[in-house]
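Notes for the one structure printed next.
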Amino acid sequence: MALVEIRNLTKIYPPAESLLGGKPGSAVRAVDDVSLDIHAGETLGLVGESGSGKSTLGRLILRLIEPSSGNVRFDGHDLLAANRADLRALRGQMQVIFQDPFASLDPRFRVEDIVAEPLIIHRKSNTEGTGIRARVVELLRAVGLDESALRRYPHEFSGGQRQRIGIARALALRPKFIVADEPVSALDVSVGAQIVNLLAQLQREFGLTYLFISHSMPVVRYLSTRIAVMHRGKLVELGDADQITTRPQHPYTRSLLEATPELTA
633 MALVEIRNLT KIYPPAESLL GGKPGSAVRA VDDVSLDIHA GETLGLVGES GSGKSTLGRL
693 ILRLIEPSSG NVRFDGHDLL AANRADLRAL RGQMQVIFQD PFASLDPRFR VEDIVAEPLI
753 IHRKSNTEGT GIRARVVELL RAVGLDESAL RRYPHEFSGG QRQRIGIARA LALRPKFIVA
813 DEPVSALDVS VGAQIVNLLA QLQREFGLTY LFISHSMPVV RYLSTRIAVM HRGKLVELGD
873 ADQITTRPQH PYTRSLLEAT PELTA
């Protein structure tokens, strides 16, 4: 059953003005008429080179940016027709893990405040202290951290630990759907492999659905149920992970497979 339904989604950026007073450039079709479904409980891997439109598509699905045209339905709800109040209620069920585990965390906040912020904003626990703190500790343990992290700041952690904090924050509201936007590309290979394994474990424990965005076919191949391939804003191939990685139909998909070795970490 489709949890997320995407139909004819398009994002066009207008021509940029020339800094030297010349003619503006051409409009950019960052996402070009993309349609696909994401089924409940699966990991859909979205792969393509830098600039292919992967991250833009993820942000369009979450309505972090507005599309030029098309439609997105989440769990039966039309996201693009939702008013502010309805969208706020739905946001608790849709979360994102960002690519940069340092830039995505407020350096002025302690870890306890970072992970607790969604709970306070959405009023999911009492704000007297004990209820929220217990939930934050539970979330930190779920991602492999302990209570000693509560009063520390992001700069006191390694990149992999910071990404675990970001994952804990994404889990705070018990979402159904998470967009993981290149969550391991800024990490060392061995640390990235640990994060990928953590995401797989959390999916089993919490029944999550992932859109896992990456430029690395080996990482996508390892984690995904199905794989979608984007090239120049278009969806050029979609199918089961085994089918895409062993019998690709599109030349661009074949070039991605040939350019990247197996995941060994």
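So the sequence shown is numbered by the working numbering: it starts at 633 and just counts up by one. Where a beta carbon is used, it is the ideal one built from N, C-alpha and C, also for glycine.
- Annotation for aspartate 669: no alpha helix (DSSP H) segment contains it, though the beta strand (DSSP E) segment containing it runs 660-671.
- Leaving aside the five residues that flank glycine 824 on each side, the residues in its chain whose CB is nearer than 6 Å to its CB run, in chain order, Val816.
- Taking all protein chains shown into account, proline 733 has 16 or more neighbouring C-beta atoms within 10 Å of its C-beta and is therefore buried.
- Using a 10 angstroms sphere on the CB of histidine 863, the tally of other CB atoms reaches 16 or more, which defines it as buried.
- In this structure, DSSP gives glutamine 833 a helical state, which the three-state scheme calls helix.
- For alanine 800, the enclosing alpha helix (DSSP H) begins and ends at 791-803.
- Distance between serine 856 and asparagine 715, taken at the CA atoms: about 33 Å.
- With respect to the C-alpha of glutamate 869, the residue from Leu678, Phe809, Val660 and Ser822 having the closest C-alpha is Leu678.
- Put simply, the backbone Cα of proline 786 is about 6 Å away from that of proline 739.
- Take tyrosine 884, set aside five residues on each side of it, and the residues of its chain with a beta-carbon closer than 7 Å to its own are Val861, His863 and Val868, in chain order.
- Rounded to whole angstroms, phenylalanine 741 and leucine 803 show a C-alpha spacing of 18 Å.
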